[in-house]
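Take a look at the structure below.
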Amino acid sequence: MKYNRRALFDQFVRFYHVIFDNYGESKVAIRGKMGALVRKARREISPDWSVEVRIQRLLQLVYRDWGFHCDPNNYFRSRNLYLPYILEYREGMPVSLGAIILYLAEALDLPIYPVNFPTQLILRVEIDDKVIFIDPWNGNSISQEKLQQLYEGAFGFGAQIQPEELERADLQLLFSRFEQLAKNALIREEHNDMAFRYIESLVHRSDDPYNIRDRGLVLAQMGAYPTALKDLEYFVDKCPQDPTSTFIRTQLSELKNELEQAPYAIH
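Residue numbering for the sequence shown follows numbering that gives the first Met the number 0, beginning at 0 and increasing consecutively.
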């Protein structure tokens, strides 16, 4: 079955659709800007070149000629997940720039695929029997030795990358990671209305306890204590061994105190 390299980009579109009201207008703008990038890339990249040269030229276009970049000072800002912002200011984070490269790779039929590397999205180039890894932070190739260093930095000295962690990403796992990243960004910046709309859309698709937990946390921030209490109690009941359950139990105690002091809180 054909691997859908556009699938991650489509998650960005869906996310923006849910949290903003101007989706119809933005959808046209996003489609127009991405179409323009595809046309520019096709003009600049000859189909007669080797696959490796075509990929190198695509990365030069994205990072050098078009100026896409990551800002380390604003790495986790939610705006780095908003496609209109990313396409207007050419600024994002590795997962958002990676999604754009994957979209272009699909349009140009280039063998670039996402990798669910634990620390951030990595891109995998497959040319015959050769595999090259690309860091979407800057478009440069990244060695397996460097990836091993990043892995040990995350999991401790001596931890070894498992071969499957460098294979093409399982798309459902990729989507789950994107969803958690998006939720975390909105919740951290207290964009409560947008976070609630996005999480509610996820709950309607699946009764994943982690989405219900996060909805409860947002509802607590919004002052909807009785409903938040139900969601958080559901999570603790379903996932008692999860490390966050200890924190949630503390939250439950605090919420019950809030309810006692504010019996007419929002339901």
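For each residue, glycine too, the CB sits at the ideal point set by N, CA and C.
For Val52, there is no enclosing beta strand (DSSP E); the enclosing alpha helix (DSSP H) covers residues 50 to 59. Contact annotation: Glu43 and Arg56 have beta-carbon atoms nearer than 8 Å.
DSSP, reduced to helix, strand and coil, places Lys1 outside both helices and strands of the structure shown, so it counts as coil. Rounded to the nearest angstrom, the gap between the Cα atoms of Ala227 and Tyr81 is 27 Å. Membership of Ile126 in any alpha helix (DSSP H) is not indicated; the residue belongs instead to the beta strand (DSSP E) covering 121 to 126.
Distances from the alpha-carbon of Phe246 to those of Phe14, Thr118, Asp213, Gln148 put Asp213 closest. As the crow flies, the alpha-carbon of Lys1 is around 37 Å from that of His190. The beta carbons of Met92 and Asn79 sit closer together than 8 Å. For Ala153, same chain residues with a beta-carbon under 7 Å away, outside a window of 5 residues either side, are Pro117, Thr118 in chain order. In the three-state DSSP reduction, Ser252 falls in the helix class (H, G or I). In the DSSP assignment, Phe116 falls outside any beta strand (DSSP E), carrying neither H nor E. According to the DSSP assignment, Asp9 belongs to the alpha helix (DSSP H) that extends over 6 to 18. Per DSSP, Ile198 is one residue of the alpha helix (DSSP H) stretching across 191 to 204.
The straight-line gap separating the alpha-carbon atoms of Gln161 and Glu125 is approximately 18 Å. In the three-state reduction of the DSSP assignment, Gly66 falls in the coil class. Taking Pro110 as the centre and dropping the five residues before and after it, the same chain places the C-beta of Val50, Val124, Glu125, Ile126 closer than 7 Å to its C-beta, in chain order.
For Asp134, no alpha helix (DSSP H) run applies; the uninterrupted beta strand (DSSP E) run containing it begins and ends at 129 to 134, by DSSP. Taking a contact to require three or more Cβ pairs closer than 8 Å, the region 173 to 190 and the region 205 to 222 qualify as touching. Under the DSSP assignment, Arg187 falls in the alpha helix (DSSP H) whose first and last residues are 170 to 187. A distance below 6 Å between beta-carbons, with the five flanking residues on each side excluded, links Phe177 to the following residues of its chain, in chain order: Gln10.
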